[in-house]
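Enquirer: Input: one structure, supplied below.
Protein chains in written order, with our numbering: chain Z, 11 to 214; chain L, 131 to 468.
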């Protein structure tokens, strides 16, 4: 839906590499996580394999996240995640209106992609929430489950491990929902596949 | 001549007396030597008057050891025979078992006091648990009638009919109440599982009832995560029997295809583990430690919030709604683009 003539180079190599690895690790973690959660011998991945793969993928995702975090601190990519609070709600409303009504009327996107603004207000909100709140929480709670001795023993009569477990599952669930919506919204490019091509070749 | 004639009979009498004396001495000597031999041989395992023992000891003198000794009534020879292992009763186990107060002949025929035992006694019908414990108010808390009906519905009873009796699993000579009295959960688990492994881990006993090849238990449970931990901490019947929370020990063993295989069946709230043994344990905890400590700080908990059924349903509904919303949005988009 975005309208621009010259292709913009928005995704440098490190971002593209980080993104594809992040996607693969998340997908692996969701599949193995579901296999652990609803484990029985006939489900997608056997429990023992699922646990091992989940642990390894979790550690790799954490390392990958650290690269992303440091990369955002030291490159201009981090600026895309910082947004002006003033007037944000009306911008969010306008973007929401576009996705729910405007898009069906073939209206132009209210916040077209530019070099200075890669994300629309809804993307900003969801990406910041996922990358700076949910993913760190899922990593920390995952560490707590991997090394249960670091979790608190007892809070209000319930083991700290139970809270950690619940938090890990909640965050994992949010990431799953996010991935579904994220992949669907990626079909909102010039063509259904153009945004997928962009994250591979770097040009929008 | 007269002199000669007078002397001769005296000599004859003397020689005869001497001969009888020697013969008597020889016979005596031989008798005493044979009785010494006998005494020596009996000294090893002396035949003792059985009447001096309490009633059960009369039986256990033979049935309490791996060999027995008896005198052949016809040849008068002393014989040693090996006692058939199934007929050996361990004194140590019997005298601490629940049935220790019984005389052997309370359950077995009085005719067993005859030796050699009459052959027809082999066909003697043996009493089952329910024959003594059924309908007895004193044993009502053990729910023998329920156990009996569960057992009748079990795969053991269904497949093997009357061949399979209570004694296949519970040896009346060693049976000791365990799940209700033992505070060590792992010991209870080991005790219970040994009952199953008696046949399922011993091909000679397994083959008594079936022509099927005995499955390798470890291989059959290969899918089970942390197999050793499960085997140490979970009773076989927890997954292989229809658990009813009114019974501590489930007796309705189900066919293998109905055995529990899903993790969440146990690792969830209101799981089957809570149905019997653990539920009982929690109740006992509440009794001994009080409501708060016993219930909330119970160490027997195997639940995790991740297996809260309500949360599982909510998350699945939310996920379904997200996918539905995406699909509706996509369909409208495609329609509008045409």
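Glycine residues also receive a C-beta, built at the ideal position from the N, C-alpha and C atoms. Computed from a predicted model, the values in this text were never measured in an experiment.
Could you work out which residue in Z:44, Z:23, Z:36 is closest to residue 446 (chain L) when comparing CA atoms only?
Expert: Z:44
Enquirer: Residues of chain Z with CB closer than 7 Å to the CB of residue 355 (chain L), please, in chain order.
Expert: 57, 58
Enquirer: I want to verify the contact list: residues of chain L whose CB lies under 9 Å from the CB of residue 49 (chain Z), in sequence order.
Expert: Taking the beta carbon of residue 49 (chain Z) as reference, the chain L residues within 9 Å of it are 355, 392, 393, 394, 397, listed in sequence order.
Enquirer: Between residue 36 (chain Z) and residue 189 (chain Z), how many whole angstroms is the CB-CB distance? I'm expecting something under 8 Å.
Expert: 6 Å
Enquirer: Only counting the same chain, and skipping five residues up and downstream in sequence, which positions put a Cβ closer than 7 Å to that of residue 328 (chain L)?
Expert: 335
Enquirer: In angstroms with no decimal places, state the Cα-to-Cα distance between residue 332 (chain L) and residue 358 (chain L).
Expert: 19 Å
Enquirer: Go to residue 199 (chain L), then tell me how far its beta strand (DSSP E) extends in each direction, as first and last residue.
Expert: 197-201
Enquirer: Compute the distance between the beta-carbons of residue 38 (chain Z) and residue 67 (chain Z), then report whether it is under 8 Å.
Expert: Taking 8 Å as the Cβ cut-off, residue 38 (chain Z) and residue 67 (chain Z) qualify as a contacting pair.
Enquirer: Which word fits residue 286 (chain L), buried or exposed, when buried means at least 16 other C-beta atoms lie within 10 angstroms of its C-beta?
Expert: Residue 286 (chain L) is buried by the Cβ-count criterion.
Enquirer: Are the C-beta of residue 113 (chain Z) and some C-beta of chain L separated by less than 8 Å?
Expert: yes
Enquirer: Determine which residues share a DSSP beta bridge with residue 19 (chain Z) and list them.
Expert: Answer is Z:213, bridged to residue 19 (chain Z).
Enquirer: Would DSSP call residue 354 (chain L) helix, strand or coil?
Expert: Assigned with DSSP and collapsed to three states, residue 354 (chain L) falls in coil, not helix or strand.
Enquirer: Please report the straight-line C-alpha distance between residue 55 (chain Z) and residue 439 (chain L), rounded to a whole angstrom.
Expert: 21 Å
Enquirer: In three-state terms, what does DSSP make of residue 62 (chain Z)?
Expert: helix
Enquirer: Report all residues from its chain with a CB closer than 8 Å to the CB of residue 134 (chain Z); omit the five preceding and five following residues, and keep chain order.
Expert: 90, 91, 93
Enquirer: Assuming residue 296 (chain L) and residue 258 (chain L) make a contact with CB atoms under 8 Å, what is their CB distance in whole Å?
Expert: 5 Å
Enquirer: By DSSP, does residue 46 (chain Z) sit in helix, in strand, or in coil?
Expert: helix
Enquirer: Let's see if you can read the secondary structure: which residues bound the beta strand (DSSP E) around residue 191 (chain L)?
Expert: From DSSP, residue 191 (chain L) is part of no beta strand (DSSP E) but of the alpha helix (DSSP H) over 185-193.
Enquirer: In its own chain, which residues sit with a C-beta less than 8 Å from the C-beta of residue 149 (chain Z), not counting the 5 before and 5 after it?
Expert: 68, 71, 72, 75
Enquirer: Please tell me whether residue 429 (chain L) has its Cβ less than 8 Å away from any Cβ of chain Z.
Expert: Model confidence at residue 429 (chain L) stands at a pLDDT of 38, short of 50, so the residue's coordinates are unreliable; what they give is reported in the following sentence. False, the Cβ-Cβ gap to chain Z never drops below 8 Å.
Enquirer: Are there 16 or more other CB atoms within 10 angstroms of the CB of residue 171 (chain Z), so buried, or fewer, so exposed?
Expert: buried
Enquirer: Are the C-beta atoms of residue 463 (chain L) and some chain Z residue less than 8 Å apart?
Expert: yes
Enquirer: Closest to residue 216 (chain Z) by C-alpha separation, out of Z:26, Z:28, Z:208, would be which residue?
Expert: Any property of residue 216 (chain Z) remains undetermined from this structure, which presents chain Z solely from 11 to 214.
Enquirer: Output yes if chain L places a C-beta closer than 8 Å to the C-beta of residue 62 (chain Z); else output no.
Expert: For residue 62 (chain Z), no Cβ of chain L is located within less than 8 Å of the residue's own Cβ.
Enquirer: I think residue 205 (chain Z) touches residue 212 (chain Z), with their Cβ atoms under 8 Å apart; what is that distance to the nearest whole Å?
Expert: That belief does not hold up - the Cβ atoms of residue 205 (chain Z) and residue 212 (chain Z) are roughly 12 Å apart, past 8 Å.
Enquirer: Do residue 191 (chain Z) and residue 456 (chain L) come within 8 Å of each other at the CB atom, strictly closer than that value?
Expert: It is a contact, given that the beta carbons lie within the stated cut-off.
Enquirer: Taking Cβ-Cβ distances shorter than 9 Å, what residues in chain Z pair up with residue 466 (chain L)?
Expert: 113, 114, 115, 116
Enquirer: Is any heavy atom of the ligand ADP found at a distance shorter than 7 Å from the C-beta of residue 62 (chain Z)?
Expert: Inclusion of the ligand ADP in the displayed structure is not the case, the ligand content being empty and no account of it being possible.
Enquirer: So residue 284 (chain Z) contacts chain L; which residues on that side make the cut at Cβ distance below 9 Å?
Expert: There is simply no residue 284 (chain Z) to check, as chain Z begins at 11 and stops at 214 in what is shown.
Enquirer: Using the DSSP secondary-structure output, state which residues sit across from residue 212 (chain L) in a beta bridge.
Expert: L:197
Enquirer: Nearest chain Z C-beta to residue 443 (chain L) closer than 8 Å, yes or no?
Expert: no
Enquirer: Just the C-alpha distance for residue 451 (chain L) and residue 350 (chain L), rounded to the nearest angstrom, thanks.
Expert: 40 Å
Enquirer: Whole angstroms is fine: what's the gap from residue 148 (chain L)'s alpha carbon to residue 213 (chain L)'s?
Expert: 53 Å
Enquirer: Which chain Z residues are close to residue 452 (chain L), counting only those with a beta carbon under 8 Å from its beta carbon?
Expert: 187, 190, 191
Enquirer: Reducing DSSP to helix, strand and coil, say where residue 202 (chain Z) ends up.
Expert: coil
Enquirer: Among L:206, L:210, L:227, L:187, which has the Cα closest to the Cα of residue 198 (chain L)?
Expert: L:210
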